[in-house]
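In terms of numbering that gives the first Met the number 0, the sequence shown has 331 at position 332, counting the first letter as 1, and numbering is strictly consecutive.
Glycine included, each C-beta is placed from N, C-alpha and C at the ideal position.
Worksheet: the structure to be examined is printed underneath.
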Amino acid sequence: MTKKQFKHDMQRGLGSCVIALKNMEDAQKEQFCPLVLWACSRDLAYDAQLEGCRSFYLYELIMEFSDIAPFLDVIEKRLFHSMHARGWEFAQDCALLAYFVSDGDMRAWRILTRCYEVLLGILSEKRAREQYGLLPERDNFESMCVALVCSCFDGLENKIGIYRRIVRDLGILIENNKLYDYDGFEWFQAASEESLGKRTVHRLLHLEDVDEHIENYARCREERLTARQSEWDRAQRTDPETAEEVYRRLKNGEKPGQMCALALGRRWMRQGKKLEVLKLAAYYRDETDPEVRCHLLRLLANETCAWAPALPNLFADAQAEHPGLSEWAFTALGNRKDKKVREYAIALLQNKEHTAEAVSMLAANFEAGDRALIVDAVRQIPVSYEDGYWHWAFHDVMELFAVPGKGKPKELLPYLYRSTLCSHCREHVVREMGRRRMLTRELLEEMQYDSNGDIRKYALKKLR
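What follows is the structure in structure tokens.
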């Protein structure tokens, strides 16, 4: 494997990289060490919220080298650098260190615990949120707490000790600093319940001789959970009930995410309020303010409501200078089944314009004769971390395989498997390849080391 191919596959989380290192002599591996160090200095996942961090994948790569010290050097430096940053790099590093701790590596444990103390001190002194109300240090601290409880040790006793320590610190933090409340650490609580068991966690929070700070955490949790249901009920009651109300509130400066969920149109369709969706489409048709027009289209662009806007309006807005309006118009067209949409998609592909969006439209309106066209178009879409249009196009092509019909471009499946940066999407590709008996033993052995845990399990099951 060349270094270029290794980096390409590593960015995607393919098991081919682990297999390649396993088949090399130590001296040969050294040329790939800088690439793995590079991967340790950034969030490797395309969408960590969807597919999870690539921590275990990186851990397996690192363990193929005889000396792990250079990797720990990079991880330690990045950990303290990224504790103030948004994103998933800090969470990836915490989980990665936790895997080394589980191997008994004391240096990894010292790095984690020292960072825990530093970050807790920063939170204690913090008095204001960042722009847009963000608290990246709090979010990163929660990621560290999850890693400490869930990944460092197998024994229940050790996990309980760490959980009690963290909950006590959270109780003090919430009590002494109004910036924080239970909501900010709910993921930690849910992860702890999954790791320790709900009954164990409940018992630890309600022992008779429980520490006063743990008691404060438990009380804040109960109060917040009680208040949440009434808040949800209130929010439901304030959602607009008519298209006229939606339009009036948009004209007054409210945005869809503020006044209602983007799924409002779907809810109306479930409730049999098709007329309100049509009225909303009429407001969109007649609106001249591009910002309001864009917000109206956001509510209509989903697969349940995309039938309502008039196609001439969508075609015109797809070419609009307003970026949001253009994006939502293409989204609506990608959810629209209509002969004219197919013709528009083919015209865009012939002109080499908006290739990814045209692929989505063609996939939604696919005919057997489009096979060669869509295969060629998908291969032309640039795939990168920065430009996510390929992600939706690949997703929509996979949706094509979910509906009955002949002439599906199955030759695209190996390409999608090797090309997508998203391991969550790759899982769907793998399962489709399995249904079509396209998985060789060599591929299945590679998939045992994929960054996606479900792909690993699937491959192991197939090999058995």
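Quick one: using the 10 Å Cβ neighbour count with 16 as the cut-off for buried, is residue i buried or exposed?
i, result
"Tyr-246", "buried"
"Tyr-131", "exposed"
"Lys-158", "buried"
"Met-105", "exposed"
"His-205", "exposed"
"Tyr-45", "buried"
"Asn-364", "buried"
"Pro-239", "buried"
"Ser-191", "buried"
"Ser-65", "exposed"
"Leu-57", "buried"
"Val-117", "exposed"
"Asp-369", "buried"
"Glu-141", "buried"
"His-353", "buried"
"Pro-403", "exposed"
"Asn-175", "exposed"
"Trp-186", "exposed"
Pick from the options: whose alpha carbon is nearest that of residue i?
i, options, result
"Arg-434", "Asn-334, Leu-155, Lys-409, Glu-444", "Lys-409"
"Asn-139", "Ala-357, Leu-119, Leu-43, Thr-241", "Leu-119"
"Lys-336", "Lys-351, Asp-66, Tyr-58, Ala-309", "Ala-309"
"Glu-59", "Trp-391, Asp-102, Arg-41", "Asp-102"
"Met-446", "Asp-210, Met-437, Ser-383, Ala-458", "Ala-458"
"Asp-453", "Leu-277, Asp-25, His-423", "His-423"
"Ala-376", "Tyr-384, Phe-400, Gly-404, Tyr-414", "Tyr-414"
"Leu-111", "Cys-144, Glu-174, Asp-42, Ala-260", "Cys-144"
"Leu-172", "Lys-21, Leu-78, Ile-121, Cys-151", "Ile-121"
"Pro-289", "Trp-306, Met-258, Leu-324, Phe-314", "Leu-324"
"Gly-51", "Gly-271, Ser-450, Lys-254, Phe-329", "Ser-450"
"Arg-297", "Asp-285, Thr-287, Leu-279, Phe-314", "Leu-279"
"Tyr-384", "Lys-339, Arg-341, Leu-43", "Leu-43"
"Ala-84", "Leu-133, Thr-199, Asn-312", "Leu-133"
"Gly-196", "Asn-175, Leu-155, Phe-55", "Leu-155"
"His-294", "Val-374, Glu-302, Leu-263", "Leu-263"
"Met-360", "Glu-141, Ala-328, Leu-249, Pro-381", "Ala-328"
"Arg-341", "Asn-312, Asp-316, His-321, Leu-372", "Leu-372"
"Arg-269", "Glu-302, Ser-81, Pro-255, Gly-252", "Glu-302"
"Pro-311", "Glu-320, Cys-304, Thr-330, Lys-339", "Lys-339"
With DSSP as the reference, label residue i as helix, strand or coil.
i, result
"Asp-46", "coil"
"Pro-413", "helix"
"Gly-333", "helix"
"Pro-408", "coil"
"Glu-286", "coil"
"Ala-508", "Residue 508 lies beyond the residue range present for the chain, which begins at 0 and ends at 463; the question has no answer from this structure."
"Lys-339", "helix"
"Gly-132", "helix"
"Phe-365", "coil"
"Asp-168", "helix"
"Met-105", "helix"
"Gln-10", "helix"
"Leu-348", "helix"
"Gly-252", "coil"
"Asp-92", "helix"
"Met-446", "helix"
"Asp-121", "It should be noted that the sequence gives Ile, not Asp, for residue 121. Three-state DSSP puts Ile-121 in a helix."
"Cys-39", "coil"
Tell me, please, whether the CB atom of residue i is closer than 9 Å to any CB atom in chain C?
i, result
"Tyr-414", "Among the chains in the structure shown there is no chain C, since it carries only a single protein chain."
Quick one: any contact between the region 175-183 and the region 81-97, if contact means 3 or more CB pairs under 8 Å? no
Check whether the region 163-170 and the region 61-81 touch, using three or more Cβ-Cβ pairs below 8 Å as the test. no
Spell out a yes or no on whether the region 410-420 and the region 4-13 are touching, meaning 3 or more CB-CB pairs, one atom from each, closer than 8 Å. At 8 Å Cβ cutoff, the stretches touch.
Do three or more CB pairs link the region 16-26 to the region 380-396 at distances below 8 Å? Remark: fewer than three beta-carbon pairs, one from each stretch, lie closer than 8 Å, so the region 16-26 and the region 380-396 are not flagged as touching.
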